[in-house]
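Peer 1:
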Amino acid sequence: MGSFERFNGRRGGQGNEVVILSHGFGTDQTAWTALRPWFDQRFDVVTFDLAGCGPNGADTYDVDRHGTMYGYADDLLDIVDELDLHRFTYVGHSMSGMIGAAAAAARPELFERVVTIGASPRYLDDDGYTGGFKPADLDNLFESMRANYQAWVAGFAPMVVGVEDNRVLADFSRTLFQMQPDIALNTSRTIFTSDMRTLAPQLSMPVHVIQTAVDMAVPVEVAQWLADTIDGATLDIIDASGHLPHMTAADEVTRILERRLIETAP
C-alpha cells in the first residue's frame, strides 16, 4: 500500500494547478469541507489524513517517526513523490503549517506557494518571542489529557472553536474522539514542545500567513513574527475568534484566498 492510500488520500477538483490541503491537530481532512467547493472549482485538490488522525489513525502513527514534526514532513514528501507532484500550492492549518515549512525548506523546488492558517513555529514563550504558553501551561494540558481524555476534549474543543457554532464543535469533538488518547497526547507533546523558528528564514517561495484576531492556541504576535521573519510574506488577520477559521469563518478565508492565490497569481 502506498503512502497516499495509507493516509486515506483523496484527489479531485476541476483545475489544473495542484493544491495540497493539510489539516491540523485533532481534525482530519473533513475539516476542509466548507472550503472544498471554492478549491474544487479552481484546483486539482489533494487531501489526506495526518498520521494518528482520521479513521485509520491508529495504523498510520509511529511513535518514533512522529515524535518530531519532521516525521510528518517526511510523510508529506512521500505522498508528493508517489503522486509525482511538482510546483503545487500548499495550504496547511495549525501544525500542518510547520509541517509544510519543513518540507518546503527541504525541497523548495516543489512548492509554488505556501499558505498557513493559525500556524506557530513555537508555542512556548521565549526571550523576545511571545508563543502564548508557559511550561506550567503545557504541564497542565498534558496532565489533563492523560487523566481523563473525554473530560479534556469537552473543555478543550469549545476553547479551540472559539465561537458559538454547534456544528463545528460537534465535528471537532468527533475527530478528537476519533484519535486514540495516547496518540493524541503524544502528538500534542510533539507540537507544543517543538521549536521550528529556524525554518522561517529558509522559505524562499511566496508565503501567505492567515490568522484570526483571537486564538487561544496562537497569539497574533506569532503570526506577525512569521510575517516579519519570512522574506516577502503577507499577513492577513481575520476579524474573528477561534483557531479553526477554515471551518467557522470560511467566507472570510475564501476572500483572502481569492486575493492571494487568484488575483495576485503570476
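For the sequence shown, the positions run 123 to 388 when my numbering is used. We treat Cβ as the ideally placed atom computed from N, Cα and C, and that holds for glycine.
Measuring only the C-alpha atoms, how far is residue 349 from residue 342?
Peer 2: 11 angstroms
Peer 1: Which runs of the alpha helix (DSSP H) at least 4 residues long sit entirely within the region 276–330? Give them in chain order.
Peer 2: 288–300, 303–314
Peer 1: For residue 394, count neighbouring C-beta atoms within 10 Å of its own C-beta (all shown protein chains included) and say buried if the count is 16 or more, exposed if not.
Peer 2: Here the chain comprises residues numbered 123 to 388, so residue 394 is not present and cannot be evaluated.
Peer 1: Would DSSP call residue 222 helix, strand or coil?
Peer 2: Three-state result, residue 222: helix.
Peer 1: Taking contact to mean 3 or more Cβ pairs, one atom from each stretch, closer than 8 angstroms, check whether the region 318–337 and the region 351–367 are in contact.
Peer 2: Between the region 318–337 and the region 351–367, the count of Cβ pairs shorter than 8 angstroms is three or higher; the stretches touch.
Peer 1: At a cut of 8 angstroms, does the region 202–211 reach the region 170–187 through at least three beta carbon pairs?
Peer 2: no
Peer 1: Excluding five sequence neighbours on each side, which residues of the same chain lie with their C-beta closer than 8 angstroms to the C-beta of residue 337?
Peer 2: 240, 284, 363, 364, 365
Peer 1: Is the Cβ-Cβ distance between residue 352 and residue 325 less than 7 angstroms?
Peer 2: yes
Peer 1: Give the straight-line distance between the Cα atoms of residue 189 and residue 345, rounded to the nearest whole angstrom.
Peer 2: A direct Cα-to-Cα measurement between residue 189 and residue 345 gives close to 25 angstroms.
Peer 1: Excluding the 5 residues flanking residue 136 on each side, which residues of the same chain have their C-beta closer than 7 angstroms to its C-beta?
Peer 2: 162, 163
Peer 1: How big is the Cα-Cα spacing for residue 339 and residue 203?
Peer 2: The alpha-carbon atoms of residue 339 and residue 203 are separated by roughly 32 angstroms.
Peer 1: Taking residue 191 as the reference, give the member of 279, 315, 253, 381 with the closest Cα.
Peer 2: 315
Peer 1: Using a threshold of 7 angstroms, state whether the C-beta atoms of residue 302 and residue 228 are closer than that.
Peer 2: no
Peer 1: Could you say if the region 216–223 and the region 132–148 meet the contact criterion of at least three C-beta pairs nearer than 8 angstroms?
Peer 2: yes
Peer 1: Would you check if the distance between the CB atom of residue 224 and the CB atom of residue 195 is smaller than 7 angstroms?
Peer 2: yes
Peer 1: What do you get for residue 269, buried or exposed, if any count of 16 or more other CB atoms within 10 angstroms of its CB means buried?
Peer 2: exposed
Peer 1: Just confirm the distance between the C-beta atoms of residue 389 and residue 250, as a whole number of angstroms; I'd bet it's less than 8 angstroms.
Peer 2: Since the first residue of the chain shown is 123 and the last is 388, residue 389 is not available in this structure.
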